[in-house]
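Going by UniProt numbering, the first residue of the sequence shown is number 1, and it counts up by one from there. The block underneath contains the structure these notes are about, expressed in structure tokens.
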Amino acid sequence: MIIREAKFMMSNSRVDQCPPPTLPEYAFIGRSNVGKSSLINMLTEHKGLAKTSSSPGKTQLINHFLINEDWYLVDLPGYGYAKVSKDARATWGKMINFYMRHRENLACVFVLIDSRHAPLAPDLEFMEMLGAESIPFVLVFTKADKQSSSRTQQNITAYIRKMQESWDELPRHFITSAEEKTGRDEVLNFIDEINQQLAQQADNA
Numbered sequence: 001m002i003i004r005e006a007k008f009m010m011s012n013s014r015v016d017q018c019p020p021p022t023l024p025e026y027a028f029i030g031r032s033n034v035g036k037s038s039l040i041n042m043l044t045e046h047k048g049l050a051k052t053s054s055s056p057g058k059t060q061l062i063n064h065f066l067i068n069e070d071w072y073l074v075d076l077p078g079y080g081y082a083k084v085s086k087d088a089r090a091t092w093g094k095m096i097n098f099y100m101r102h103r104e105n106l107a108c109v110f111v112l113i114d115s116r117h118a119p120l121a122p123d124l125e126f127m128e129m130l131g132a133e134s135i136p137f138v139l140v141f142t143k144a145d146k147q148s149s150s151r152t153q154q155n156i157t158a159y160i161r162k163m164q165e166s167w168d169e170l171p172r173h174f175i176t177s178a179e180e181k182t183g184r185d186e187v188l189n190f191i192d193e194i195n196q197q198l199a200q201q202a203d204n205a
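Structure representation (structure tokens):
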């Protein structure tokens, strides 16, 4: 997929104020400081599209970006961040959960995981919630350039083994680096694949 155009549409905290659900939507979410904004900017090749910050917890709203006038990329607040108030975490949690459950054009959730870490409870719990709600998702392991490929693979294998304890079928996963643009084609081709499937389903309906 070639990204011809990527533009910011809106930020808000309410699903009913999101853009009309007429195009496929792909949501990106992960623990704070997982490298989400950098990954979004790398995928779209728009350096300042998603605002990056050295302080985690920067994203606090549902942010919609329109890609190629064809689909939405959605930047969601991170989860599992301890340095915001409990009230703020609870508010974000409700907003994210409501969005996941009620956004009818949500085609897939990209769960970002820092490839430098062994399996962490917040990630596993979030994926359990997605599974329980039958929300389609894939895993995106970020920051692969920060360590050796063997170490990255070791951590991914640990995640897969942990998930095999409770999952019958495992989601697809991608290995990425915003610095080196690793995984860009794979992620965008996957989105293109889903978009084509959805278009075929609409034609056959």
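Beta carbons: idealized from backbone N, C-alpha and C, even for Gly.
Where does residue 213 fall in DSSP's three states? The structure shown does not extend to residue 213, since the chain is modelled only from 1 through 205, so no value can be given for it.
Between the alpha carbons of A199 and L66, how many angstroms are there, rounded? Residue numbering aside, residue 199 sits at position 199 when the sequence shown is read from its first letter. Residue numbering aside, residue 66 sits at position 66 when the sequence shown is read from its first letter. C-alpha separation (whole angstroms): 17 angstroms.
According to DSSP, which residues form a beta bridge with E25? In the sequence shown, counting from the first residue as 1, residue 25 sits at position 25. Here E25 is bridged, per DSSP, to Y72 and L106.
In chain order, each beta strand (DSSP E) run of at least 3 residues that lies wholly inside the stretch 109-194: Listed in chain order, the complete beta strand (DSSP E) runs (minimum 3 residues) inside the stretch 109-194 are 137-142 and 173-175.
Helix, strand or coil for A205 per DSSP? As a first step, residue 205 must be located in the sequence shown, where it is residue number 205. Of the three classes helix, strand and coil, the one that applies to A205 here is coil, per DSSP.
Okay, do the stretch 10-23 and the stretch 111-131 touch, 3+ Cβ pairs below 8 angstroms being the bar? Counting Cβ pairs under 8 angstroms, fewer than three are found: no touch.
Starting from the Cα of E179, find the closest Cα among K146, A132 and M129 and give me that residue. Translated into positions along the sequence shown, residue 179 becomes position 179. Nearest option by C-alpha distance: K146.
Among S166, M129, E125 and L170, which residue has its Cα nearest to the Cα of V138? Against the sequence shown, residue 138 aligns to sequence position 138. The candidate whose alpha carbon is nearest that of V138 is L170.
For a quick check, are the C-beta atoms of S32 and A50 less than 9 angstroms apart? The sequence position of residue 32 within the sequence shown is 32, counting from 1. The sequence position of residue 50 within the sequence shown is 50, counting from 1. Pairing S32 with A50 gives a Cβ-Cβ distance that is not under 9 angstroms.
Applying the 10 Å Cβ sphere with the 16-neighbour rule, what's the burial state of E125? In the sequence shown, residue 125 corresponds to position 125, counting from 1. So E125 counts as exposed.
Assuming S11 is part of the beta strand (DSSP E), what are its boundary residues? Walking along the sequence shown from the start, residue 11 turns up at place 11. Note, S11: beta strand (DSSP E), A6 to N12.
Any idea if K143 is buried or exposed, counting beta-carbon neighbours within 10 angstroms, 16 or more meaning buried? Position 143 of the sequence shown, counting from 1, holds the residue named residue 143. Burial call: buried.
Identify whether I67 lies in helix, strand or coil by the three-state DSSP scheme. The residue you call residue 67 lines up with position 67 of the sequence shown. Reduced to three states, the DSSP call for I67 is strand.
State yes or no: is the C-beta of G35 within less than 9 angstroms of the C-beta of D114? Locating residue 35 in the sequence shown gives position 35, where the first residue counts as 1. Locating residue 114 in the sequence shown gives position 114, where the first residue counts as 1. Judged by their CB atoms, G35 and D114 are nearer to each other than the 9 angstroms cut-off.
Where S53 falls: helix, strand or coil (DSSP): Here residue 53 is taken as the residue at index 53 of the sequence shown, counted from 1. Only weak support exists for where S53 lies, its pLDDT of 47 falling under 50; the value from the coordinates is given anyway. In the structure shown, S53 adopts coil according to DSSP, grouped into three states.
Residues of its chain near R101, where Cβ-Cβ distance is below 7 angstroms and the 5 sequence neighbours each way are ignored: Locating residue 101 in the sequence shown gives position 101, where the first residue counts as 1. Only E133 meet the Cβ criterion.
Can you have a look at I2 and say buried or exposed, based on whether 16 or more other CB atoms are within 10 angstroms of its CB? Within the sequence shown, the letter at position 2 stands for residue 2. By the 10 Å Cβ count, I2 comes out exposed.
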